[in-house]
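Visitor: Residue numbers (my numbering): 14 to 280. For glycine and all other residues, C-beta sits at the position ideal for the given N, C-alpha and C. If you're wondering where the values come from, they're calculated on a predicted model, not measured in any experiment.
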């Protein structure tokens, strides 16, 4: 049960905690402790709004951390004020997609991770770790580096975001097209790497899930919808792309009965 909640709400809860705390590491620590507390508290039943519960628990733990870190400075009013967490975090809110340019923390997180000031590999790694909630060890395997090296790369990326003052926000409308293009480039790179050499399909699955999120958060954009459709149609053919020996099967020779009809229909 906790795994399902993690997959559904971790990214959104983390995004809100980053906005509230102004710090990636502090938000991640708070969310990790919130999930630890949830493992005990939710034995009596899952709350109506799991994401709001996680944000509130993570926020309290972030405040405790700040009080223990005398040298750490952050705007006190941001953390001391009672935030309207249900309004900010409720994934079932009917107007969530329509408010994508206003209060959507997940969209802010995606644009921050894909900021043009960051190198492309850094954007991909940070997106996988924070937006897709993939463990650092798994991200490291995808990049063919050690977990320690990936942890250092992620730490440098977060430090650069702080040092460069990269804003945690959706871009203004005059910059939106260029910034969305950068985000889509990251998503497509994740998918193509998975399509070429990820036998477990985990990265392809994450790329498509991220494409679906973007399509919901940025409704009516043909570039976002088009990329999602492209990934779905390619992924639909994956089961027929290789024969029993592991050799690639050309499109005209593929067994169409093995194609994923649901993915084709969605695409």
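Would the beta-carbon of residue 349 fall within 9 Å of that of residue 144?
Guide: Past the edges of the chain, shown from 14 to 280, lies residue 349, and the structure says nothing about it.
Visitor: Between the segment 169 to 181 and the segment 191 to 207, are three or more C-beta pairs nearer than 8 Å?
Guide: Segment contact: the segment 169 to 181 against the segment 191 to 207, fewer than three CB-CB distances shorter than 8 Å; contact not assigned.
Visitor: So, do the segment 244 to 261 and the segment 270 to 277 have three or more beta carbon pairs nearer to each other than 8 Å?
Guide: yes
Visitor: Span of the alpha helix (DSSP H) holding residue 166?
Guide: 160 to 176
Visitor: Would you report the Cα separation of residue 280 and residue 170, rounded to the nearest angstrom?
Guide: 34 Å
Visitor: Using the C-alpha atoms, what's the distance from residue 22 back to residue 100?
Guide: Low per-residue confidence applies at residue 100: pLDDT is 44, beneath 50, and the placement is therefore not dependable, though the value from the model is reported in the following sentence. About 15 Å.
Visitor: Let me know if residue 188 comes out buried or exposed under the rule of 16 or more other beta-carbons within 10 Å of its beta-carbon.
Guide: exposed
Visitor: Measuring only the C-alpha atoms, how far is residue 39 from residue 122?
Guide: 15 Å
Visitor: When the Cβ atoms of the segment 63 to 72 are set against those of the segment 21 to 35, are three or more pairs found closer than 8 Å?
Guide: Yes: the two stretches touch, three or more of their Cβ pairs being nearer than 8 Å.
Visitor: Look up residue 278 in the DSSP assignment and say whether it is helix, strand or coil.
Guide: When DSSP states are grouped into helix, strand and coil, residue 278 belongs to the helix group.
Visitor: For residue 130, count neighbouring Cβ atoms within 10 angstroms of its own Cβ and tell me buried if that reaches 16, exposed if not.
Guide: exposed
Visitor: In chain order, what are the residue ranges of uninterrupted alpha helix (DSSP H) at least 4 long that sit wholly in the segment 205 to 268?
Guide: 215 to 230, 235 to 249
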